[in-house]
Amino acid sequence: MKIDTKIFGRLSGKEEAYLFTIQNSNGMIIKMSNYGGTVISILAPDRNGQFDDIVLGFDSLEDYLEQHPYIGTLVGRYANRIAGGRFYIDDREYRLAQNEGQNHLHGGLKGYDKILWDFNEYADQQRAGVMLSYRSFDMEEGYPGNLKLDVNFSLNDNNELTIEYTASTDANTHLNLTHHGYYNLNGGKYLIYDHELFINAGSYVETDKNLIPTGELIPLKGGAVDFRTMKPIGRDISKLENGYDHCYVLNKKAEGPELAARVNNPASGRIMEVYTTEPAIQFYSSNFLEGLNGKNNIEYRKHLALCLEAQHYPDSPNHPHFPSTLLKPGDIYKQTTIYKFLAE
Ligand code: BGC
Numbered sequence: 003m004k005i006d007t008k009i010f011g012r013l014s015g016k017e018e019a020y021l022f023t024i025q026n027s028n029g030m031i032i033k034m035s036n037y038g039g040t041v042i043s044i045l046a047p048d049r050n051g052q053f054d055d056i057v058l059g060f061d062s063l064e065d066y067l068e069q070h071p072y073i074g075t076l077v078g079r080y081a082n083r084i085a086g087g088r089f090y091i092d093d094r095e096y097r098l099a100q101n102e103g104q105n106h107l108h109g110g111l112k113g114y115d116k117i118l119w120d121f122n123e124y125a126d127q128q129r130a131g132v133m134l135s136y137r138s139f140d141m142e143e144g145y146p147g148n149l150k151l152d153v154n155f156s157l158n159d160n161n162e163l164t165i166e167y168t169a170s171t172d173a174n175t176h177l178n179l180t181h182h183g184y185y186n187l188n189g190g191k192y193l194i195y196d197h198e199l200f201i202n203a204g205s206y207v208e209t210d211k212n213l214i215p216t217g218e219l220i221p222l223k224g225g226a227v228d229f230r231t232m233k234p235i236g237r238d239i240s241k242l243e244n245g246y247d248h249c250y251v252l253n254k255k256a257e258g259p260e261l262a263a264r265v266n267n268p269a270s271g272r273i274m275e276v277y278t279t280e281p282a283i284q285f286y287s288s289n290f291l292e293g294l295n296g297k298n299n300i301e302y303r304k305h306l307a308l309c310l311e312a313q314h315y316p317d318s319p320n321h322p323h324f325p326s327t328l329l330k331p332g333d334i335y336k337q338t339t340i341y342k343f344l345a346e
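Heads up: the sequence shown begins at 3 in my numbering, then just goes up one per residue.
Below, the structure is given as structure tokens:
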């Protein structure tokens with residue numbers, strides 16, 4: 003296992019962002035940056051041992067500094083939407099940035115995707131990776147509480163990318179962290195319609211036209227949104243207005259990470275499994291992707307990639323019957339999510 007560190011580029015304030023190249027003994031290589039905790043590329047083998055880059059990303063730091071839809075980044079403090087950009091804690095109202103119409107999306111104007119994280123890289127026999135750290139200050143993007151955050155990205159010889167999150171606060175706050183990789187197991191050669199998907203969920207969070215939860219959970223009983231049995235993503239996608247952008251409530255049995263989703267790309271034989279400790283997973287079929295020039299000269303367009311974002315339900319602070327995202331002083335927030343790459 004090894005890791006190599008070099009300068010990726012400079013931010014406008016001249017701070018240096020770093021590029022880490024993490025390699026395991028099977029030849030799998032992950033490139034990532036401490037800018038936004040961004041995973042830039044993942045080289046994974048197909049059934050013939052051929053490596054291809056299976057995540058979307060950009061060549062240079064400058065590209066990442068332009069507006070883009072969280073391609074490969076960390077997302078926080080609150081991944082997904084908060085209705086009206088506001089919530090109450092102990093009868094006090096907190097107002098957040100309304101960066102998607104009236105609503106708050108993915109942590110606001112300057113979320114964790116745009117932070118230059120402190121880092122500590124490491125490599126040993128078991129794994130290699132980078133521990134990212136950030137102190138998110140009280141009222142940053144409108145959220146109360148100073149938060150201490152650590153996010154550990156590591157690769158091991160089981161071809162697992164593990165992301166472990168730890169956080170603590172000095173005042174009551176809401177927290178919902180995720181990672182927003184855009185995967186195409188065929189190296190971005192075609193749209194994801196031939197990728198087959200299984201999601202280990204029995205229901206999903208009903209939302210309105212702005213993707214804000216109504217408060218209802220809808221049991222899966224067949225139909226376009228049902229992935230309880232593996233099926234090609236392209237089979238029913240045209241039955242939905244833009245594609246998939248749904249939060250699935252996972253079948254949880256234990257405390258530790260459990261299988262949330264499995265993606266199979268028959269053309270290459272590549273398989274990705276997602277394991278998580280989180281109660282839900284957002285399946286997003288890159289419905290609003292367009293007009294971006296990605297690395298390897300690929301033009302990014304609608305339905306080119308899929309995101310499987312482990313998280314809590316959207317807008318939980320405003321739905322007391324949803325699993326709570328409230329973090330209190332003395333509590334430790336923990337999440338483990340694993341992306342495992344196989345080939346058959
Ligand atoms: C959301 C989408 C959004 C995308 C990019 C996903 O997590 O579910 O609605 O367009 O992120 O911001």
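Just so it is clear, CB atoms sit at the ideal spot from N, CA and C, and this is done for glycine as well. On a predicted model such as this, the values are computed, not experimentally measured, just so you know.
- Asp55 is bridged by DSSP to Leu45.
- Taking a C-beta distance under 7 Å as the contact criterion, Ile194 and His181 do not qualify as a contact pair.
- For Phe290, the shortest separation between its Cβ and any heavy atom of ligand 1 lies below 6 Å.
- Between the segment 186–203 and the segment 218–229, the count of Cβ pairs shorter than 8 Å is three or higher; the stretches touch.
- In this structure, ligand 1 has a non-hydrogen atom nearer than 6 Å to the beta-carbon of Asp247.
- The segment 103–112 makes contact with the segment 140–158: 3 or more CB pairs, one atom from each, lie closer than 8 Å.
- With 16 or more neighbouring CB atoms inside 10 Å of its own CB, Ile117 falls in the buried class.
- No alpha helix (DSSP H) of 4 residues or more sits fully in the segment 252–278.
- With a cut-off of 6 Å, the C-beta of Tyr80 is classified as distant from ligand 1, since no heavy atom of the ligand falls inside that distance.
- In this structure, Gln127 has its beta carbon at no less than 6 Å from each heavy atom of ligand 1.
- For Leu13, the number of other beta carbons within 10 angstroms of its own is below 16, and it is reported as exposed.
- Per DSSP, the unbroken beta strand (DSSP E) holding Glu18 starts and ends at Glu18 to Gln25.
- Ala19 sits close to Ser35, with the two beta carbons spaced by under 7 Å.
- Counted as a single uninterrupted DSSP element, the stretch harbouring Tyr66 is not any beta strand (DSSP E) but the alpha helix (DSSP H) occupying residues Leu63 to Leu67.
- Ile273 sits close to Leu344, with the two beta carbons spaced by under 7 Å.
- Around the Cβ of Ala263, a 10 Å sphere holds 16 or more other Cβ atoms; the residue is buried.
- By the Cβ neighbour-count rule, Tyr184 is buried, with 16 or more other Cβ atoms within 10 Å of its own.
- Put simply, the segment 50–68 does not touch the segment 91–105. Fewer than three CB pairs are less than 8 Å apart.
- Between Arg49 and Gly189, the C-beta spacing is not below 7 Å.
- Judged by DSSP secondary structure, His182 falls within the beta strand (DSSP E) whose first and last residues are Thr180 to His182.
- Judged by the Cβ position, Pro71 qualifies as a neighbour of ligand 1 at the 6 Å threshold, a heavy atom of the ligand being closer than this.
- Taking a contact as a CB-CB distance under 8 Å, the pair Ser170 and Arg79 does not count as one, their CB atoms being some 13 Å apart.
- In this structure, the CA atom of Ile84 is about 7 Å from the CA atom of Pro316.
- Note that the C-beta distance between Phe10 and Val132 is not below 7 Å.
- For Gln284, the shortest C-beta to heavy atom distance toward ligand 1 is below 6 Å.
- DSSP places Ile220 inside the beta strand (DSSP E), whose first and last residues are Pro215 to Pro221.
- Asn178 is not a Cβ neighbour of Ala99, given a cutoff of 7 Å.
- When C-alpha distances from Tyr277 are compared across Pro215, Ile340 and His248, the shortest belongs to Ile340.
- In this structure Tyr250 is in contact with Ile283, their Cβ atoms being roughly 5 Å apart against a cut-off of 8 Å.
- Counting only the Cα atoms, Gly87 lies some 45 Å from Glu346.
- Judged by DSSP in its simplified three-state form, Pro319 adopts helix.
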